[in-house]
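If you read the protein sequences in the order shown, they are chains E and R. Position in the first sequence (from 1) plus 56 gives the number in this note's numbering. Position in the second sequence (from 1) plus 56 gives the number in this note's numbering. Before any comments, here is the structure.
There are 2 protein chains.
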Amino acid sequence: MSSTVFVVETPKSWQAGPLNIRPRTGPGSDPAKAHRERLTTDRIVDEALEQMREVGYDGVTMRSIARALDTGPASLYAHVANREELDQLVVDRIASEVRIPEPDPDRWDEQIKEMMRAALTTYRAYPGAARATMAIIPTGYGALRNAEGLMALCRAGNVPDQAAAWFGDLISLYIGAVAVEEAIWSERAKVHADADPERVVAAVTSYFAELPADEFPMLSSLASVMTAGVGDDRFEFGLAVLVAGLKSYSETARVAESEAGGR
Amino acid sequence: MSSTVFVVETPKSWQAGPLNIRPRTGPGSDPAKAHRERLTTDRIVDEALEQMREVGYDGVTMRSIARALDTGPASLYAHVANREELDQLVVDRIASEVRIPEPDPDRWDEQIKEMMRAALTTYRAYPGAARATMAIIPTGYGALRNAEGLMALCRAGNVPDQAAAWFGDLISLYIGAVAVEEAIWSERAKVHADADPERVVAAVTSYFAELPADEFPMLSSLASVMTAGVGDDRFEFGLAVLVAGLKSYSETARVAESEAGGR
DNA sequence: ACCTGAACACCGTTCAAGT
DNA sequence: ACCTGAACACCGTTCAAGT
Numbered sequence: 057m058s059s060t061v062f063v064v065e066t067p068k069s070w071q072a073g074p075l076n077i078r079p080r081t082g083p084g085s086d087p088a089k090a091h092r093e094r095l096t097t098d099r100i101v102d103e104a105l106e107q108m109r110e111v112g113y114d115g116v117t118m119r120s121i122a123r124a125l126d127t128g129p130a131s132l133y134a135h136v137a138n139r140e141e142l143d144q145l146v147v148d149r150i151a152s153e154v155r156i157p158e159p160d161p162d163r164w165d166e167q168i169k170e171m172m173r174a175a176l177t178t179y180r181a182y183p184g185a186a187r188a189t190m191a192i193i194p195t196g197y198g199a200l201r202n203a204e205g206l207m208a209l210c211r212a213g214n215v216p217d218q219a220a221a222w223f224g225d226l227i228s229l230y231i232g233a234v235a236v237e238e239a240i241w242s243e244r245a246k247v248h249a250d251a252d253p254e255r256v257v258a259a260v261t262s263y264f265a266e267l268p269a270d271e272f273p274m275l276s277s278l279a280s281v282m283t284a285g286v287g288d289d290r291f292e293f294g295l296a297v298l299v300a301g302l303k304s305y306s307e308t309a310r311v312a313e314s315e316a317g318g319r
Numbered sequence: 057m058s059s060t061v062f063v064v065e066t067p068k069s070w071q072a073g074p075l076n077i078r079p080r081t082g083p084g085s086d087p088a089k090a091h092r093e094r095l096t097t098d099r100i101v102d103e104a105l106e107q108m109r110e111v112g113y114d115g116v117t118m119r120s121i122a123r124a125l126d127t128g129p130a131s132l133y134a135h136v137a138n139r140e141e142l143d144q145l146v147v148d149r150i151a152s153e154v155r156i157p158e159p160d161p162d163r164w165d166e167q168i169k170e171m172m173r174a175a176l177t178t179y180r181a182y183p184g185a186a187r188a189t190m191a192i193i194p195t196g197y198g199a200l201r202n203a204e205g206l207m208a209l210c211r212a213g214n215v216p217d218q219a220a221a222w223f224g225d226l227i228s229l230y231i232g233a234v235a236v237e238e239a240i241w242s243e244r245a246k247v248h249a250d251a252d253p254e255r256v257v258a259a260v261t262s263y264f265a266e267l268p269a270d271e272f273p274m275l276s277s278l279a280s281v282m283t284a285g286v287g288d289d290r291f292e293f294g295l296a297v298l299v300a301g302l303k304s305y306s307e308t309a310r311v312a313e314s315e316a317g318g319r
């Protein structure tokens, strides 16, 4: 019966608003002297997010956050139950950044794409945060807000409620996965300093090209096709496929179709 | 120039074949006396996979694998470069389990779905292995084999090569994400012993139902719709959307469409 | 109520030394 | 070439004690 199963528990950061990264120094002009700012859940989430941007998911630890906040790791546990809850809060902060459009029946499909682009953009600003999505089930305020917004857009497009609900799940999984994949590449680029994106793509392309042609006839002959569109083209294709697939569930499409078939 | 950037390096387990989990005891009848079997990359991967099934991704460590193999953690590093490479090998073993159908132009779309169902089924057999996918870019033999097979199916469906290539990326991200999400639920079910799936769904449903109706009119009124289809219905919907979206790129569909429009 | 130091029970990885 | 013990530099989390 207890709702702790879902680790939702309406966190205090619900009212948090925009990402609002504050400067690291204390309130006074002498940061060494000024007694440290009081610890809050928000400050912990801010710091986690900031570090995920700088060093990726694996680089952020309870201890690294505590260090930056000039305290010990144990102190964090007064505001955050554990690492999993912190991941929840981080993901929810990112979800909260996505602007939710007023549904317009004439361009509901394009509005869905806009929401998705906005979500990916925010993830891109904080590589590393994406991995946090994969460690939790997003059920915080921001995630619910987005789900509500998406449902409303789908209804504007005459998509049946069940399809809309499942579509929300589908698309948020897709965006999370894309963000994680991009984060892996960007972390790898940091390690291998020689890896400017262009060179990497070229190298992967020739890796495909050199696969044994008898076993991999398509991959080897289509090497450049396989690695094309690392940037937005690939993602735009994904959006297009998903939204096109969703439209096949739209009631208006169904009606038009059955009319065409019926005569 | 060095291909180490991609951590592919044609692992010895290429020929590995089926999952082939062997019994834990040594070759002799007295496991304590029999000198330990020689360590191999395959045995390490087997053990990692087995543990991922039993205890999930986080429970599997270099040390836990070494312990089960009756040796110290340092010994593993003679056969596996690091944890990331091990994850690569684990994922690739799973990818290798997927049967690749002979393309049939009459049911290429259904064949794609069959491949995807098979992939998810294998992930489900090893919850935890899914999280490994999210830590790497799959480029091993098994993953390439699947990509090649998918490209062939797409060609049988007259899907342009570029669309096919991107679709392969899209669908493998989706399946990985679904598998990860399912693994999270199943791990959570293990911790909260009270959580048989039915109760959990009921609890989540009432969580949605009790959301403030003014802020979440759709989520609160559609609670049971939001949580419906936790099993295969949801996944089948995803497959249907993706394949329907893909078909809108098929040349034959395009021709039929332009013919209909052109007259 | 919030914060702290110190400790517990772990990690991945390296490295000199053995066979 | 393969394996080992011991060590290094970390983890998340707990807990009694302080304010």
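Don't be surprised by glycine CBs; every beta carbon is placed ideally from N, CA and C.
Item	Value
List the residues of chain E whose Cβ lies closer than 8 Å to the Cβ of Tyr230 of chain R, in chain order.	Leu226, Leu229, Tyr230 and Ala233
As a quick exercise: from E:Gly115, E:Leu295, E:Ser276 and E:Ser304, pick the residue whose alpha carbon is nearest that of Leu176 of chain E.	E:Leu295
Take the Cβ of Glu307 of chain E as the centre, count every other Cβ of all protein chains shown within 10 Å, and call the residue buried at 16 or more, exposed below.	exposed
Could you tell me whether the Cβ of Pro273 of chain R comes closer than 9 Å to any Cβ of chain E?	yes
Determine, using beta-carbon pairs with one atom in the stretch 270 to 285 of chain E and one in the stretch 240 to 250 of chain E, whether at least three such pairs fall under 8 Å.	no
Excluding the five sequence neighbours on either side, which residues of its own chain have a C-beta within less than 8 Å of the C-beta of Phe293 of chain R, listed in chain order?	Gly285
Pick out whichever of R:Val297, R:Ile100, R:Cys210 and R:Leu229 has its Cα sitting closest to the Cα of Ser131 of chain R.	R:Ile100
On the premise that Leu206 of chain R lies in contact with Ile320 of chain R, defined as a C-beta separation below 8 Å, what is that separation, rounded to the nearest angstrom?	Nothing about residue 320 of chain R can be read from this structure; chain R reaches only from 57 to 319.
Can you tell me whether Arg290 of chain R is buried or exposed? The criterion is at least 16 other CB atoms within 10 Å of its CB, across all chains shown.	buried
Asp217 of chain E and Leu278 of chain R - do their beta-carbons sit closer together than 9 Å?	yes
How about Ala185 of chain E and Arg119 of chain E: are their beta carbons less than 9 Å apart?	no
Would you report the Cα separation of Gln144 of chain E and Pro159 of chain R, rounded to the nearest angstrom?	43 Å
Please state the DSSP three-state secondary structure of Ser304 of chain E.	coil
Whose Cβ in chain R lies nearer than 9 Å to the Cβ of Ala219 of chain E?	Phe293 and Val297
Does Val281 of chain E come within less than 9 Å of chain R when only Cβ atoms are used?	yes
Would you say Trp222 of chain E reaches chain R, if we count a Cβ-Cβ gap shorter than 9 Å as a contact?	yes
Tell me which same chain residues have a C-beta within less than 7 Å of the C-beta of Ala165 of chain R, skipping the five on either side of it?	According to the sequence as given, residue 165 of chain R is Asp; it is not Ala. Result list for Asp165 of chain R: Gly213, Val299 and Lys303, in chain order.
At which residues does the alpha helix (DSSP H) containing Leu226 of chain E begin and terminate?	Asp217 to Val247
Within its chain, find whatever has a CB closer than 7 Å to the CB of Asp86 of chain E; leave out the 5 residues flanking it on each side and keep chain order.	Because the pLDDT of Asp86 of chain E is 37, which lies under 50, any placement of that residue in the model is unreliable, and the question is left without a value.
Under the criterion of a Cβ to heavy atom distance below 8 Å, does Ile240 of chain E qualify as lining the ligand ADP?	Ligands displayed in this structure: none; no statement on the ligand ADP is therefore possible.
Does Ala175 of chain E have its Cβ less than 9 Å from a Cβ in chain R?	no
In or out: Gly196 of chain E buried (at least 16 other Cβ within 10 Å) or exposed?	buried
Can you give me the C-alpha to C-alpha distance between Asn202 of chain E and Val297 of chain R, rounded to a whole angstrom?	20 Å
Cα separation between Ile240 of chain E and Val111 of chain E?	12 Å
With a threshold of 8 Å on Cβ separation, who are the neighbours of Leu226 of chain E within its own chain once the five nearest residues in sequence on each side are excluded?	Leu298
Under the rule that 16 or more other beta-carbon atoms within 10 Å means buried, what is Thr283 of chain R, buried or exposed?	buried
Taking the CB atoms as reference points, tell me whether Tyr179 of chain E and Ala235 of chain E lie closer together than 9 Å.	yes
Leaving aside the five residues before and after Tyr113 of chain E along the sequence, list all residues of the same chain whose C-beta is less than 6 Å from its C-beta, in chain order.	Gly184 and Arg187
Met190 of chain R touches chain E at which residues, Cβ-Cβ below 8 Å?	Arg187, Met190, Ala233 and Val236
Report the neighbours of Arg139 of chain R on chain E: residues whose CB is nearer than 8 Å to its CB, in chain order.	Ordered by position in chain E, no residue passes the 8 Å Cβ test against Arg139 of chain R, which lies about 11 Å from the chain.
Taking the alpha-carbon of Val147 of chain E as reference, which of E:Ser262, E:Val260, E:Leu209 and E:Ser228 has the nearest alpha-carbon?	E:Ser228
Please classify Asp98 of chain E as buried or exposed, where buried requires at least 16 neighbouring CB atoms within 10 angstroms.	buried
If we define contact as Cβ-Cβ less than 9 Å, is Val196 of chain E a contact residue for chain R?	It is Gly, not Val, that sits at residue 196 of chain E in the sequence shown. Cβ-Cβ to chain R under 9 Å: no for Gly196 of chain E.
For Gly82 of chain R and Pro129 of chain R, what's the separation of their Cα atoms in angstroms?	In this prediction, Gly82 of chain R has a pLDDT of 33, which is less than 50 and means its spatial position is unreliable; what the coordinates show is noted afterwards. For Gly82 of chain R and Pro129 of chain R, the distance between alpha carbons rounds to 19 Å.
Leaving out the 5 sequence neighbours to the left and right, which residues in its chain are closer than 7 Å to Val154 of chain E when beta-carbon positions are compared?	Met171, Ala174, Ala175, Thr178 and Asn202
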